[in-house]
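Step one of this worksheet: look at the structure below.
There are 2 protein chains.
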Amino acid sequence: MTLATKFMTLDGPFKMHRGGFIESPTLAYETWGELNEAKDNAILIFTGLSPSAHAASSGEDQTPGWWENMIGEDLPLDTDKYCIICINSLGSCFGSAGPASVNPATGERYGISFPTLSLEDVAESAYQVVRRLGIERLHTVIGCSMGGMSGLALCVKHPDAVAGFISISSSARPLPWAIAIRSLQRELIRSDPKWQGGDYDPGDPPITGQRLARKLGMISYRSPEEWEKRFGRERVTDVGPGDEPFRIEFSVESYMENHANKFSGAFDANCYLYLSRASDLFSLAEHGGSLENGFRRLKLERALVIGTMTDILFPIHQQHQLAEGIRGVCEDTWLVELDSIQGHDAFLVDMDAFRPVICDFLECAGQFNK
Amino acid sequence: MTLATKFMTLDGPFKMHRGGFIESPTLAYETWGELNEAKDNAILIFTGLSPSAHAASSGEDQTPGWWENMIGEDLPLDTDKYCIICINSLGSCFGSAGPASVNPATGERYGISFPTLSLEDVAESAYQVVRRLGIERLHTVIGCSMGGMSGLALCVKHPDAVAGFISISSSARPLPWAIAIRSLQRELIRSDPKWQGGDYDPGDPPITGQRLARKLGMISYRSPEEWEKRFGRERVTDVGPGDEPFRIEFSVESYMENHANKFSGAFDANCYLYLSRASDLFSLAEHGGSLENGFRRLKLERALVIGTMTDILFPIHQQHQLAEGIRGVCEDTWLVELDSIQGHDAFLVDMDAFRPVICDFLECAGQFNK
């Protein structure tokens, strides 16, 4: 958190979607661009599982954000035209209330006493922030990965509060293969003796489990096609010390190791578990008893569904399903299938493919306008 | 091991492909059907990573084998016509020498003092068994998954010893995504404190790591398509005791748990590590400096390459590559792409799809003959 981070504390008990409540949760967020007088130019970004609210640099915080070069003057999320808001998801650990924050009722960290988190809670808490900023109707809600489902939750819970929706590499509900991956990631963390049933010392977290979960994440976030091109059967030049028979030898192993090392410690383990579980639990069908009924509740004017052909976590047929469902209630729904080779992660790394599409949909000025 | 298991001990030091040797290794194997006088009706099966030599039941061992209903009278591997041999891979733990067996030089288990294992060693040790049985030229070598690569190693090392080759859901060399999965599986086992750097008590092995590795295995052995049809978002009726927030709730989680429980303890952890690593290391290109040169060394009369469209571990384009490579030196090469939904594991579970193809290639009599 830096000077760019703003905080808002919601008053009173916040009722959780699956039962229980938390007392006066704080939400961290950042904004770029100005809200106009009519307050109808706001774009709300819901993040994937791990990012903070720091989507882009600004005068107050010049470090690059996780979606740098997407937000700014003459960029697809044009700060001359729009007021961009990114909120750190409820349940996360970058300023918003979650398992790693202190329960005001006990003065101790919530840990796994935090009630079950749902993406509906992520959506509802963000909605309350937006309302407190005086915004009645968002120009557009954008969600990437898990954030796409959080965005959909907002659209279905408060249909009048959202005019446009952009879903990026997400879905109306996760499929069992993705659930299996995430379930195993959680088990890797919970199997680390240092997890201590969720009651670990924050200074001595289950790093091993988190590193292993991160590696499994990489396996599902990228694509076999990309790795075949990028690594093939290339070996590392330095195979590491000693003659330990299972040491790193292939470049792809070294790549995973480097990513796991970068990640370690940056994210609270319990927060990860809660957000991961919330992703699995989400289904639009919960809203009205079926997917069809869920879609029928939306009141969108425009929608854009983007996915990549190589995404194995939220495969392309889920993008079709989502776009077709929304199109049933919103004629102006675009479906864009990108052939990015980077799989699920493409929206973070293949910006050249995503920028023109988002720019086109948001009618931005500047170089990315076709 | 039962009365059906035969043993053969190779004389003297067995030189390993990547350096070192082991003293007089024993190989466990089973046979079905009779070797004819010309000794030209033998079919050798190389297994995947985990099976034993018990591929099918027999008079001596009536328990079903891992490829039951593929081997027998009037079955594709017709015991009236062929003598079928299945060898427990060198490095495994079902009667053959490996990290779990005793090093005659020390009187102690090899553990990770076992030299680096290669599929060339699996192939060479099997070749020596076959030669000792008096067979100069195998009618056919069949290999499933890892076994397909062991089989290819035999074909390239001893081109005159193999007339026909059947590769099932395998490849000429693994790709980085598959390597990443196996590398992480090994790390899950090695990260279990009970692994003890490889020096665990056989009575108290790293079961947790093995269970986790098994779950990751399931994720790569089956297919997203199958799980979507089979489980969807179905929940288990019994969500388990207590209110632990990450307990099993989805049917797919319960399915993985049951499989992991079945597997535990049945396979020695170090043997698993060695065979898994050997799979990653294999490349036909090692034989002659390039894949092209490797293929050029083969002297096959007939070959059959089978794969499934839903295999994510050895994807279908690898089947094309393998079939095309073999066809360059062996005109009578068949490529069969099955649309089995069970992914890599289809050869174990979708027998109705595999039987007619193998039967056709081996010109078996009986019901599976088209």
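Just so you know, the sequences run in chain order A and B. Residue numbers for the first sequence, in the working numbering: 892 to 1261. Residue numbers for the second sequence, in the working numbering: 892 to 1261. Using N, Cα and C, we set each Cβ at its ideal position, and we do this for glycine too.
Query, Result
"Mind checking who residue 1126(B) pairs with in its DSSP beta bridge?", "1141(B)"
"Since residue 1143(A) meets chain B, which of its residues come closer than 7 Å, beta carbon to beta carbon?", "1067, 1070, 1071"
"Applying a beta-carbon distance threshold of less than 8 Å, which residues of chain B neighbour residue 1122(A)?", "1067"
"Please return the same chain residues whose Cβ sits closer than 6 Å to the Cβ of residue 1193(A), not counting the five positions on each side in sequence.", "1055, 1223"
"Using only CA atoms, which one of 1243(A), 1197(A), 963(A), 1218(A) lies nearest to residue 1059(A)?", "1197(A)"
"What number of angstroms, rounded off, separates the C-alpha of residue 1090(B) from the C-alpha of residue 1047(A)?", "56 Å"
"In chain A, what lies closer than 8 Å to residue 1119(B) by C-beta?", "1066, 1067, 1068"
"Just how far apart, CA to CA, sit residue 1052(A) and residue 1187(A)?", "16 Å"
"In the segment 1004-1022 of chain A, which residues sit with their C-beta less than 7 Å from some C-beta in chain B, listed in chain order?", "1007"
"So what does DSSP say about residue 1099(B), is it helix, strand or coil?", "helix"
"Within 10 angstroms of the Cβ of residue 1161(B), are there 16 or more other Cβ atoms? Answer buried if so, exposed if not.", "buried"
"Can you tell me which of the three DSSP states residue 984(B) falls into?", "coil"
"Within 10 angstroms of the Cβ of residue 995(A), are there 16 or more other Cβ atoms? Answer buried if so, exposed if not.", "exposed"
"In three-state DSSP terms, what is residue 1039(A)?", "helix"
"Among the candidates 1022(B), 893(B), 1114(B), 1165(B), whose CA atom is the shortest distance from the CA of residue 1236(B)?", "1114(B)"
"Compare the C-beta of residue 1251(A) with all C-beta atoms of chain B and state if any pair is closer than 8 Å.", "no"
"Taking 8 Å as the cut-off, decide whether the C-beta atoms of residue 1009(A) and residue 1172(A) are in contact.", "yes"
"Starting from the Cα of residue 942(A), find the closest Cα among 981(A), 1096(A), 974(A) and give me that residue.", "981(A)"
"Evaluate residue 1152(B) with the Cβ neighbour count: other Cβ atoms within 10 Å of its Cβ, from every protein chain shown; 16 or more gives buried, anything less gives exposed.", "exposed"
"Determine which residues of the segment 1030-1049 of chain B have a Cβ less than 9 Å from any Cβ of chain A, and write them out in chain order.", "none"
"DSSP three-state call for residue 1058(B): helix, strand or coil?", "strand"
"Which residues in the same chain as residue 1044(A) place their Cβ atom closer than 6 Å to its Cβ, once the five residues preceding and following it in sequence are excluded?", "1010, 1011, 1014"
"What does residue 1175(A) touch in chain B if you count any residue whose Cβ is under 9 Å from its own?", "By Cβ distance, chain B contributes nothing, its closest Cβ being about 11 Å from residue 1175(A), past 9 Å."
"Just to make sure I have the definition right: I need the residues of chain B whose C-beta is within less than 7 Å of the C-beta of residue 907(A). Which are they?", "Within 7 Å Cβ-Cβ: nothing; residue 907(A) doesn't reach chain B, min ~12 Å."
"What in chain A is Cβ-close to residue 1099(B), meaning under 7 Å?", "1082"
"Run through DSSP, which three-state label would residue 901(B) get?", "coil"
"Excluding the five sequence neighbours on either side, which residues of its own chain have a C-beta within less than 7 Å of the C-beta of residue 925(B), listed in chain order?", "974"
"In the DSSP assignment, find the beta strand (DSSP E) that holds residue 920(A) and state where it starts and stops.", "917-923"
"Output yes or no for whether 8 Å exceeds the beta carbon distance between residue 1042(B) and residue 937(B).", "yes"
"Among the candidates 955(A), 1250(A), 1204(A), 999(A), whose CA atom is the shortest distance from the CA of residue 1093(A)?", "999(A)"
"Below 8 Å between beta carbons: does that hold for residue 917(A) and residue 988(A)?", "yes"
"Please report the straight-line C-alpha distance between residue 1064(A) and residue 1040(A), rounded to a whole angstrom.", "8 Å"
"Please decide whether residue 1182(A) counts as near chain B, where near means a Cβ-Cβ distance under 8 Å.", "no"
"For a contact meaning CB atoms closer than 8 Å, what does residue 1168(A) contact in chain B?", "1136, 1137"
"If you count every other CB in all the chains shown that lies within 10 Å of the CB of residue 1138(B), and 16 or more means buried, which is it?", "exposed"
"Three or more C-beta pairs closer than 8 Å, one from the segment 1231-1246 of chain A and one from the segment 959-969 of chain A: is that the case here?", "yes"
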